[in-house]
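There are 4 protein chains.
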Amino acid sequence: MMTNNIFANFSPTDYRYRVADLEQYLSEEACIRYQVLVETALIKMLAKNTICSKKCVNEIEKIVNKIQTKKVYEEKERIGHGIRALVNVIKDEAKDSKPYIHMGATSADIIDTADILRFKDATEKVIIPDILKLEKELIRIAELEKNTIQIGRTHGQHATPVTFGFAIALYVDRLGNRILNIKETCNKLVGMFSGAVGAYNALSLYIKNPDKFETLLLKELGLKPAHISTQVIPPEPITDFVNSIISSFGVLANLADDMRHLQRTEISEVKEPFSNVQVGSSTMPQKQNPEVLESIKSLWKAMMPRMITTYADQISEHQRDLTNSASERYVPEILVTFDHSVRRMTKVMKGLTINRDRMKQNFEMSADKVIAEPLQILLSYYKHPNAHEKVRQLVMKSIKNNASFKDLISQDNEIKSYFNKFTKEQKEISLNPEKYLGLAPQKAKEICNLWKRKFGFKI
Amino acid sequence: MMTNNIFANFSPTDYRYRVADLEQYLSEEACIRYQVLVETALIKMLAKNTICSKKCVNEIEKIVNKIQTKKVYEEKERIGHGIRALVNVIKDEAKDSKPYIHMGATSADIIDTADILRFKDATEKVIIPDILKLEKELIRIAELEKNTIQIGRTHGQHATPVTFGFAIALYVDRLGNRILNIKETCNKLVGMFSGAVGAYNALSLYIKNPDKFETLLLKELGLKPAHISTQVIPPEPITDFVNSIISSFGVLANLADDMRHLQRTEISEVKEPFSNVQVGSSTMPQKQNPEVLESIKSLWKAMMPRMITTYADQISEHQRDLTNSASERYVPEILVTFDHSVRRMTKVMKGLTINRDRMKQNFEMSADKVIAEPLQILLSYYKHPNAHEKVRQLVMKSIKNNASFKDLISQDNEIKSYFNKFTKEQKEISLNPEKYLGLAPQKAKEICNLWKRKFGFKI
Amino acid sequence: MMTNNIFANFSPTDYRYRVADLEQYLSEEACIRYQVLVETALIKMLAKNTICSKKCVNEIEKIVNKIQTKKVYEEKERIGHGIRALVNVIKDEAKDSKPYIHMGATSADIIDTADILRFKDATEKVIIPDILKLEKELIRIAELEKNTIQIGRTHGQHATPVTFGFAIALYVDRLGNRILNIKETCNKLVGMFSGAVGAYNALSLYIKNPDKFETLLLKELGLKPAHISTQVIPPEPITDFVNSIISSFGVLANLADDMRHLQRTEISEVKEPFSNVQVGSSTMPQKQNPEVLESIKSLWKAMMPRMITTYADQISEHQRDLTNSASERYVPEILVTFDHSVRRMTKVMKGLTINRDRMKQNFEMSADKVIAEPLQILLSYYKHPNAHEKVRQLVMKSIKNNASFKDLISQDNEIKSYFNKFTKEQKEISLNPEKYLGLAPQKAKEICNLWKRKFGFKI
Amino acid sequence: MMTNNIFANFSPTDYRYRVADLEQYLSEEACIRYQVLVETALIKMLAKNTICSKKCVNEIEKIVNKIQTKKVYEEKERIGHGIRALVNVIKDEAKDSKPYIHMGATSADIIDTADILRFKDATEKVIIPDILKLEKELIRIAELEKNTIQIGRTHGQHATPVTFGFAIALYVDRLGNRILNIKETCNKLVGMFSGAVGAYNALSLYIKNPDKFETLLLKELGLKPAHISTQVIPPEPITDFVNSIISSFGVLANLADDMRHLQRTEISEVKEPFSNVQVGSSTMPQKQNPEVLESIKSLWKAMMPRMITTYADQISEHQRDLTNSASERYVPEILVTFDHSVRRMTKVMKGLTINRDRMKQNFEMSADKVIAEPLQILLSYYKHPNAHEKVRQLVMKSIKNNASFKDLISQDNEIKSYFNKFTKEQKEISLNPEKYLGLAPQKAKEICNLWKRKFGFKI
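Protein chains in written order, with this note's numbering: chain Z, -2 to 456; chain H, -2 to 456; chain A, -2 to 456; chain B, -2 to 456.
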């Protein structure tokens, strides 16, 4: 079981959606390495408290660099306990520090704290930088296309115009909001070093202030302690963290859906990048599919339901049961596939073909009817008592008879009487729907500025 | 379909788990009332901007008090549109304000803002006060029982001792943390008044600064606006809010599980209140079941998966599709059943019978073996190179032979040589496991003080 | 709490998505009525076994017609037990049968069996007939439109042609398959009458063959018994039944998505029925939205995740815990909203406007490129070693240069040399993409016939 | 990215819960091999139809044995299409068969059919045999312990007695039922060979009866075709199959919960096997935890929510979108971890320590109160009008006063008057609760026989 090639794997996270940069945090090898880090911090603290000598620190630091995951697993195979196996493997190499390895700790002190550490590192060092790159790309597009007219679509039906930059600015904002949420929930992740049942029973045997000892040990690792814990850290900070990732994935999935719908043959307003040698279909040579966007949506479908596991893992009997152990080992899959999707989305947005002409043409399809809204608003403004119904009947007539709505308006005396009261600007908007943009361009700009400021982007 | 008795209902939320206090926020009647509130705020703003007269404000305020949900639904039946139906019903009664009702708004401006408002009100006025009552109850128990010894249980197996107050303090902390989370996510809920596609197209026709208009209108209602929106508010604030409720429900479910397991016949450390006339089983007269606790866990199972719906509702095509409309109508069910569960949990904790004698007896079952941990720690402390394995073999022997572990220790020369080095206090703890409590009592106290301070409790 | 109007309800199932025809099976009132039915069956069996007199049967039959849900709930309020409350209410009216009411039964015998019965009745008497109506409607369209050319779409991109009837026939088949699945899983629902822990302890006190007694009692109700049970029926038959409903809902959701995407302004191949007075938007008078289709998708999003609850309810400690009790009370919501959606979908399909001209036009958009597939296949057939790549390069050139693919082909000597080998029919299809329909019309017909036969439809 | 060790993996399925026997079906390498199998079947069918020569069959059979997954992935990297990459790699080695590779197929014909094949093979060749081993083990225990008295537990409270064999027989039945369900749903999995949009467009170019061609091709592979398909197979057969696996996992999870609760220190009726060198806790040497049982429950929590993905994958736009592609790649994880759990559960049950003495002792705890049920039943039988309430008051008094219930009964004149009417056997059961077993032993035996017969077990 110790040799392998990635194609002997079962999980697509391991053969297809790998993010090499995350291996050092989220692989099983990394997991063991982080656990070693926590065990080392314990020895350092014991030395600081003169419980063991400083030589022990040197010794342990040499040993831990040589720990092989394979060996730990072999020992685990023998004694059926993962952390004890790790401790034994370290002890085998130790001399002076032998008695002190893991002294006063329970397995979960090591496992939970190591997991928190590596989740934080993966998030801060890889995932957030990756999302920020996507955010920048979105800002670039939103600014560039802030004046590009596009028909707004609600219920899949043409509505009132926006600009493409405005539409993208929405994602700038939603993604920006999620980045902040990931940062916040990540900062609230806490560690623990409180022993078998959380009451510092063991540490109390030889340390005066075991809770202070915990605080300093965790500080060494860059973490704060939970207020109180059982054998394990209270689960809610992890719950919030996973929620922040899953809900960020949802923003990606929505963007992916929007972009691939805009790529529908009949709409054709954007196009996912497609290389010269790329094949779209094994049988239809003409096909160019939004397959990256589809893949992002699909991975969201695979990962999103796993929030249920996270909620179920909130429940642990008394000072803990172990039914959250195997399940929590799947959290890295969520982080990896999310980051993989962020990276692919960034590439798609970077290479996105934006067809402004087609956006204009699609808008033109509905230009005649679009003015129904400004018309009914202005009729109301000039005190028409039932403007919506008046205009609705007229526009429905135009749809039914396939007639120009503008013409019908111009022939309607009642409307004419109101129209005459319109200001010059109001008249112009009513007759030129492409001017009926509201604050779309301005808002696009403002949102980009807001998030550039928040993230210190200089673009 | 307009007359009803609650037992003609399909959803248990409506016949069994109702919280009458929440009807004014979360029933359909309340929903319409909040929508009316938003429509009224619009008229007020129009008057402030001298677009309509102040008379309109008076008029609308009189009308809206008389709106009947039934009438709105009848009009909806006719025209197939909920908000337009509401507008028509208001208009029917209006004179001066007729043209201005709903002017510049899209349905979602009203619906989404009204929902945010009523969710906030329900949370701030009923749900949070209810959880605070539960929190107080937990604090009361944690303080009272901070010195009550209880065997710690991990994997369902006796571990190292804690106190019952310490065990409850864990829930004081987790619930306290969730209350803060609900408050935070609730405060981040934002409103919207940006029109059909979010670009203020309609408002721009007659207002200079439509985004400022939005801000002031929402301020009137006690809300802040979204940075940017489509036809609907960006979904993530709602996502986080629902996560805060669902994860709070998880804390309740865990507490319920713990309490009912402690009520198992063989454990019998606590008992759910049980009245004199109460029947536990329709066939076994002797039964006294933890049925309220079971019901809380069961409602958690019913509500928790609905987070999936919330995540799915993050995805809406382009400027919105309507596939989040029916699904979001089920959010009130989550809030109601959660609050119902909080209230029932408070009653259970208030009336909880705590059997200190039984806690002591259960602890005694394992007292002999419990000292294995302090022993191996202290052996390590005094430089035994393989203390855990040494003690493990001895304690397993004692288990296998059903012999006293203390006796085995006292007969073991190797251990004796170490034992002699122990301090007086260390010796005492090793021999008197009921003293092996670590910081349990102290932590229980500290956690209670922490949250009493945070919530300003004077108890 | 005993008076109500439907708008005081919290769940939209109760104020908005009600199916009146299902009240007699799935409301709480119906629930009590079915429980009474099971209690009555017990008395009948006791009389048949001469344990009580036949007078008791008459007596009970008179009583049960008068049972008021309200009274049962009042008694439940007092004694805290639902079934015992029901028993007490019946007993209050009884004389001779007083001792025999509920004798030998446990609450779950009554509750579980009653639930199975009413779920079966609701399914067989309302839900399946409703789906069959939808199935008929789909068959009607599939047959009518079996020759209507439509461009096939994969990845949202034009692919190879089908017919609209063929596309609908797919749903005829999927829905047909689900109807059979619902029937099968419904038929496998079993009842139970085995007492407090499933071992017939109580019945054994006065009946020789208590398992035979159970079988006959259930036969009276039209059910078969579980092979073995605890206090409750083994959960898997219910699991499979709910899966059959949820997966049927998925077919509806997919059909709804397809139809609403075909209604997109740019595609416009179909249109949901829209009445003359109907309002599509409260601000944009021109809007005609696929709101029923959206609502169906949305209800699917609300109900689908509840399968998680069903899976969680598979787990019950030892002879049962009660944590599946509150949660299972929400199953009727699933059934009601599913049936509601089936009915609305039937109306949409009945009134669907099908725009054959637009289907033709949309097909024409891609007619030139569509022949890439038949061309590469036939080149292969005539031994071209790399037909796909050859054609791919040519068609990509045509896309890039916005040139006619047909023209490029006719100018390509290599292709010409193969083309000359084509049969007449092969040439015709290659040049007339509208003939490249494969078996689409034939399959549409066959599938319709298959399911008409299976369901005995005469249409 | 092409070299690896299993500890560089992210998913625990790949480093910790691997089932080596499933690699040949469910790894990515296996996936490619099965796809090759389908491509080969196509060439065979073309040869049978004399479209290509028999030499092609020989040629392809030689080639496919040498296909390297690595090469396919490298080509995929270049052209961005998985199946086309595979086709290219095969073609590179081919001469005569070059034109015919993949001719008339679309990628999904290959992918979907290959997946169905390998899921079936994995299920039939590994998973079902593994579950049958567990079933046998459960039958062994149920038969052996059919007379071992155990207190029945409902709501975690002592109820009415059963036997341990009876309790296990429940799982024999539930698991047996699931095995049948897995077999059924597995048999209903169908393949497909109908081209780009499901209408056999391509095949029709050179084959008379393309649907017959599909049927024969699939027969060659041991499959039946879908009635009709789009580009992909209708999803419902897979939905039902995954439901059968997930719901089987639920049965395992329930059994795991039951066994670990019975292992609670205070109950101690069973014990998971524990080796001599095994370590239960890294700090508490005395611990022996039910960690395998906990792990099974935990994996259920990780996998069960993935049903949501399966339901979401039912929805695919028009002739298909690709958003089910990445997500479906995670189905093997479900199968692997389920099989892993089945195997571990079998080991646990095989080595389970059953403590009959402790079962008896636990039963004795409640023996005095247990007779409350038979007493109230028999009082009713002898026409006491309110037996339950009469007995309830008496037994509550005994609980409150910590007095013997038997004594209270014997002192109660009213009860005495009824008791005198009891038959000898009825008296005996009332006074000797260990005889109040109902049909428990008999049912245990019957259920075992039923499933031994169904599965042809000779044990």
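C-beta: ideal position from N, C-alpha, C; glycine also.
Only a predicted model underlies this, so the values are computations on that prediction, with no experimental measurement involved.
Query: Name, please, each residue of chain A whose Cβ falls closer than 9 Å to the Cβ of Pro270 of chain H.; Result: Those within 9 Å of Pro270 of chain H in chain A number zero; the least Cβ separation is about 10 Å.
Query: Would you say Gln228 of chain A reaches chain B, if we count a Cβ-Cβ gap shorter than 8 Å as a contact?; Result: yes
Query: Anything in chain E within Cβ reach of Ser201 of chain A, meaning under 7 Å, just list it in chain order.; Result: Absent from the structure: chain E. Protein chains present are Z, H, A and B.
Query: Shorter than 8 Å from the beta carbon of Phe238 of chain Z to some beta carbon of chain H?; Result: no
Query: So what does DSSP say about Gln439 of chain Z, is it helix, strand or coil?; Result: helix
Query: Determine the DSSP secondary structure at Gln316 of chain Z, reduced to helix, strand or coil.; Result: coil
Query: Measuring only the C-alpha atoms, how far is His99 of chain B from Arg171 of chain A?; Result: 28 Å
Query: Can a CB atom of chain H be found closer than 8 Å to the CB of Met(-1) of chain A?; Result: Because the pLDDT of Met(-1) of chain A is 39, which lies under 50, any placement of that residue in the model is unreliable, and the number read from its coordinates should be weighed accordingly. Closer than 8 Å: yes.
Query: Please report how far the alpha carbon of Lys297 of chain Z lies from the alpha carbon of Val339 of chain Z, in whole angstroms.; Result: Per the sequence shown, the amino acid found at residue 297 of chain Z is Trp instead of Lys. Cα to Cα, Trp297 of chain Z sits roughly 11 Å from Val339 of chain Z.
Query: Can you tell which of H:Gln311, H:Ala437, H:Arg450 and H:Gly101 has the C-alpha that lies nearest to the C-alpha of Ala139 of chain H?; Result: H:Ala437
Query: Beta carbons nearer than 8 Å to chain H: which residues of the stretch 242 to 275 of chain B have them?; Result: Arg257, His258, Gln260, Arg261, Thr262, Glu263, Ile264 and Asn273
Query: Beta-carbon of Pro430 of chain Z versus every beta-carbon of chain A: anything under 8 Å?; Result: no
Query: Got a sec, what are the start and stop residues for the beta strand (DSSP E) Thr157 of chain H sits in?; Result: Gln154 to Thr160
Query: Beta-carbon of Lys344 of chain Z versus every beta-carbon of chain B: anything under 8 Å?; Result: no
Query: Run through chain Z and tell me which residues come within less than 8 Å of Val392 of chain A, C-beta to C-beta.; Result: Pro282 and Gln283
Query: Please report the residue range of the alpha helix (DSSP H) in which Ile138 of chain B lies.; Result: Ile125 to Leu141
Query: For chain B, find out if any of its Cβ atoms is closer than 8 Å to the Cβ of Ile426 of chain H; answer yes or no.; Result: no
Query: Checking contacts by CB at 8 Å: is Ser279 of chain B closer than that to chain A?; Result: no
Query: Taking 8 Å as the limit between beta carbons, can you name the residues of its chain near Ala364 of chain Z, skipping five residues before and five after?; Result: Pro430 and Glu431
Query: So for Ile60 of chain B, helix, strand or coil by DSSP?; Result: helix
Query: Which residues in chain H have a C-beta closer than 9 Å to the C-beta of Asn286 of chain B? List them in chain order.; Result: Thr151, His152, Gly153 and Gln154
Query: Tell me the start and end of each unbroken alpha helix (DSSP H) in the stretch 332 to 413 of chain B that is at least 4 residues and wholly inside, in chain order.; Result: 353 to 367, 369 to 378, 384 to 397 and 402 to 407
Query: With DSSP as the reference, please indicate the residues paired to Gln147 of chain A in a beta bridge.; Result: A:Val159
Query: Can the beta-carbon of Ala369 of chain Z be found closer than 8 Å to that of Gln423 of chain A?; Result: no
Query: Pick helix, strand or coil for Gly173 of chain H, following the three-state DSSP scheme.; Result: helix
Query: What residue from H:Leu428, H:Leu252 and H:Gln390 has the CA that sits closest to Glu132 of chain H's CA?; Result: H:Leu252
Query: Less than 8 Å between the C-beta atoms of Met304 of chain H and Phe246 of chain H, yes or no?; Result: no
Query: Leaving out five residues on either side along the sequence, give the residues of the same chain with a beta carbon under 7 Å from the beta carbon of Thr0 of chain B.; Result: For Thr0 of chain B, the pLDDT reaches just 44, beneath the cut-off of 50, and the residue's location in the model is therefore unreliable, although a value from the coordinates is still provided. The answer is none, since no qualifying residue turns up.
Query: Would you list the residues sitting across from Val267 of chain Z in a DSSP beta bridge?; Result: Z:Ile351
Query: Where do the ends of the alpha helix (DSSP H) carrying Asp106 of chain B lie?; Result: Ser104 to Ala119
Query: Might you give, ordered along the chain, the residues of its own chain that have their beta carbon closer than 6 Å to the beta carbon of Glu288 of chain B, omitting 5 neighbours on each side?; Result: none
Query: Between the alpha carbons of Gln275 of chain Z and Gly101 of chain B, how many angstroms are there, rounded?; Result: 20 Å
Query: Got a sec? Which residues, its chain only, sit under 7 Å from Met(-2) of chain H by beta carbon, not counting five neighbours each side?; Result: Note on Met(-2) of chain H: pLDDT 37, under 50, position unreliable in the model; the coordinate value appears next. Excluding sequence neighbours, Met(-2) of chain H sits near nothing in its chain.
Query: Identify each residue in the stretch 348 to 368 of chain Z for which the Cβ-Cβ distance to at least one residue of chain A is less than 8 Å, and report them in chain order.; Result: Asn359, Met362, Ser363, Lys366 and Val367
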